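Everything on this sheet refers to the single structure shown next.
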Amino acid sequence: MKPKTKIQKEVARLSANLRPISATQIDWAYRHCVEHIGYRTKKGNITCSDCGHEWHSRSELCDTLVGCTCPRCHTELKVQDTRKRTYKETQYFSVITTCKGYQVIRVAQVRCESRKGEPMHFYCHEVVQRWIAPNGKVTDMALLRGFLFSYCDVWALGSDMEVRPHNSLYDDVVARSYPYPKMRILPQLKRNGFKGDFHGISPVRLFTALLTNPRIETLMKGGEIEVMKHFLFNVRNADECWASYLIAKRHKYQIYNFPMWCDYLYMLKKLGQDLRNPKNICPEDFIVAHDKASRKIDAIHEKERAEQHRRWEIERREREQKRLLQEKKNEEDFINLKSKFFGLVITDEELIVKVLESIDEYYNEGKAQHICVFGSEYYKKPDTLILSARIGDEIIETVEVDLRTLEVVQCHGKHNQDTEYHERIIDLVNRNANLIRERMKVA
C-alpha cells in the first residue's frame with residue numbers, strides 16, 4: 001500500500017534505512033525460540049536435531065526428566081521417544097528498538113527444519129514492523145500474507161515491507177513473539193514507568209497504553225501491576241471504578257482480589273449505594289460485605305423474575321382469552337356459512353359422503369388424513385364445501401366442492417394420495433350435486 005499520510009511517509013522512509021536484524025539477535029532466536037530435540041529410539045540411541053550426531057545413552061530416566069547435552073555441539077536437548085525422522089517448527093521473536101523518536105517493534109518469523117542424521121536448517125525473515133509514535137499512534141509495516149483464512153504463518157516472504165492497514169493478526173504475532181532481551185526504549189516510556197518488564201502484556205498494547213492512558217501510567221509507576229492489567233483488559237471497569245479505587249488507596253485500604261472488588265462495586269451501584277463513600281467501598285470484612293450485597297442483588301433479580309413471570313402469565317391469559325373469543329367467532333361464522341348443509345349425506349349404500357359440521361371435525365379430519373384441511377382454514381372459505389367420504393367409521397378420502405360450480409375441485413385420501421375409490425367418490429358427488437344446490441336454494 002502506498003503511504004498517504006505524513007506519518008506513513010516518514011515511517012516508510014525510516015523503515016527503508018533500518019539495519020537488518022543482526023546475526024547476534026538471530027543466534028539468540030535460534031537458541032531460545034525453537035525446541036532442540038534429542039530423538040531417542042527404543043535401543044537408547046539419541047540423535048541431536050541440531051548437528052545430526054547420534055550416540056547411545058544409558059541414562060534413560062535422567063535424560064527424560066532433565067534432558068541431555070549433545071557430545072558434539074554441546075546443545076541442551078529435550079529428549080523425546082519417537083520414530084519421527086523429521087521435525088519442523090515456526091516461531092516469532094521481536095526486537096524492540098527506537099528510531100528517530102519512534103518506538104519500533106520488529107517481528108521476525110523463525111523456522112527450523114531438521115532431519116535425523118543431518119544438521120538443522122534455520123531460517124529467519126522479518127515480517128512485521130510496528131512503529132509507535134510518542135502520541136501512541138501505531139503505523140504498521142508488513143509483508144503480504146497468503147490467503148489461507150486466518151492462518152498467520154503464511155507470509156509472502158518475497159514481497160516488500162510496506163505500510164499496511166491495521167490487522168488484528170499483527171497484534172497476535174507480536175503477542176506470540178519472544179522478545180529479544182536487549183531493548184532500546186523511548187524516554188517517554190521510561191518516564192511513564194516502563195522498566196523493561198511487560199508483565200505478560202503484549203508490548204504494543206502496553207506501550208500505547210502508557211503513552212495515551214494516564215491511569216495506566218499511574219498504576220505502572222505505583223507498582224500496581226495486577227490492577228493495571230485488570231483495567232487494561234477491562235476498560236469499562238476502569239471508567240466505573242477508577243474514582244472509587246483512588247479513594248480506597250487514599251484510605252490505605254488493602255484490596256486482595258481486585259476483580260472481585262470491582263464486582264462488589266458494580267453490585268453497590270445497582271443497589272443505589274454511593275461509590276465514593278469509604279464506608280461503602282472499604283468494608284472491614286470484604287467477604288461478608290460482598291456476600292451480603294450478592295444476596296440483595298439475588299433478591300432483586302428474583303423479584304424481577306417474579307414480576308416478569310407475572311406479566312408473562314397476564315399476557316398468556318390475554319392471548320388465551322383472545323384465542324377462545326376468536327374460536328367462538330370462527331365457530332359462529334362457520335355455522336352461518338355452512339349450517340344450511342348440515343345433515344347432507346350422499347351414499348351409494350357402501351360409500352357415505354357427509355358434510356363436516358364443525359371446526360373440530362375439520363381438525364380431526366386433517367389429523368387423521370395428514371392433510372391441511374384444518375391448517376389452511378378451509379372452514380373459513382365461503383365458496384368451499386368439505387365432505388368426508390367414508391366406509392363405516394373409516395375415512396377414505398376428503399372431498400372439496402366449489403359452491404360456485406358445484407364441481408369437485410379435489411379429492412384425496414391419506415397424505416394426499418388417491419385411493420381405489422377415488423373416481424367412484426368423484427362421480428358419486430358430481431351426480432348428486434343437485435342435493436347441494438337444493439340446500440343453497442333453501443338458504
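Note that the numbering used here gives residue 202 to position 202 of the sequence shown, counting from 1, and the numbers run on in steps of one.
Beta carbons: idealized from backbone N, C-alpha and C, even for Gly.
Please read all numbers here as calculations on a predicted model, not as lab measurements.
- In this structure, Leu-169 lies away from Arg-205, with their beta-carbon atoms at least 9 Å apart.
- For Asn-330, the secondary structure class from DSSP, reduced to helix, strand or coil, is helix.
- Assigned with DSSP and collapsed to three states, Asp-393 falls in coil, not helix or strand.
- Contact check for Val-34 and Val-107: beta-carbon distance about 16 Å, past the 8 Å limit, so the pair fails to qualify.
- Here Glu-400 carries a strand assignment [DSSP, helix/strand/coil].
- Ile-287 sits exposed, since fewer than 16 C-beta atoms from the chains shown fall within 10 Å of its C-beta.
- Ala-209 is bridged by DSSP to nothing; it lacks a bridge partner.
- By the C-beta density criterion, Gln-369 is buried, having at least 16 other C-beta atoms within 10 angstroms.
- For the options Gln-254, Val-401, Glu-315 and Ser-94, the alpha carbon positioned closest to that of Lys-381 is the one of Val-401.
- Taking the Cβ atoms as the reference, Ser-94 lies roughly 24 Å from Ser-49, outside the contact range of under 8 Å.
- In terms of Cβ geometry, Ile-371 and Glu-331 do not form a close pair [threshold 9 Å].
- Asp-285 carries a coil assignment under DSSP once its states are collapsed to helix, strand and coil.
- Restricting attention to beta strand (DSSP E) runs no shorter than 3 residues, the region 339-392 encloses them at 345-347, 352-355 and 384-391, ordered along the chain.
- For Leu-169, the enclosing alpha helix (DSSP H) stretches over residues 168-176.
- DSSP places Asp-50 in no beta strand (DSSP E); its state is neither H nor E.
- Considering only Pro-214, Val-110 and Ile-346, the residue with the shortest C-alpha distance to Gln-91 is Val-110.
- When DSSP states are grouped into helix, strand and coil, Ser-244 belongs to the helix group.
- In the three-state scheme derived from DSSP, where H, G and I count as helix and E and B as strand, Tyr-421 is classed as coil.
- Taking Gly-117 as the centre and dropping the five residues before and after it, the same chain places the C-beta of Gly-52 closer than 6 Å to its C-beta, in chain order.
- When secondary structure is reduced to three states using DSSP, Thr-98 falls in the strand class.
- Put simply, the backbone Cα of Pro-119 is about 39 Å away from that of Thr-139.
- With a threshold of 16 other beta carbon atoms within 10 Å, Glu-126 meets it and is buried.
- A distance below 9 Å separates the beta carbons of Tyr-178 and Ala-29.
- Under the three-state reduction of DSSP, Cys-411 is assigned to strand.
- Annotation for Glu-217: the continuous alpha helix (DSSP H) segment containing it runs 214-222.
- The three-state reading of DSSP puts Ser-22 in coil, since its state is none of H, G, I, E or B.
- One alpha carbon belongs to Thr-64, the other to Pro-214, and they sit about 49 Å apart.
- Excluding five sequence positions before and after Arg-404, the CB atoms of its chain that fall closer than 8 Å to its own CB belong to Asp-383, given in chain order.
- Counting the other Cβ atoms within 10 Å of the Cβ of Leu-385 gives 16 or more, which makes it buried.
- Contact between His-56 and Asn-45 holds, with the beta-carbon distance rounding to 5 Å and staying under 8 Å.
- Under the three-pair Cβ rule at 8 Å, the region 97-106 counts as touching the region 184-201.
- In this chain, the beta strand (DSSP E) harbouring Ile-132 covers 121-132.
- DSSP, reduced to helix, strand and coil, places Glu-118 outside both helices and strands of the structure shown, so it counts as coil.
- Excluding residues up to 5 positions away in sequence, Tyr-39 lie with their Cβ nearer than 7 Å to the Cβ of Thr-82 in the same chain.
- Ile-396 is a Cβ neighbour of Tyr-421, given a cutoff of 9 Å.
- Between the C-alpha atoms of Arg-58 and Thr-86 there is a straight-line separation of about 24 Å.
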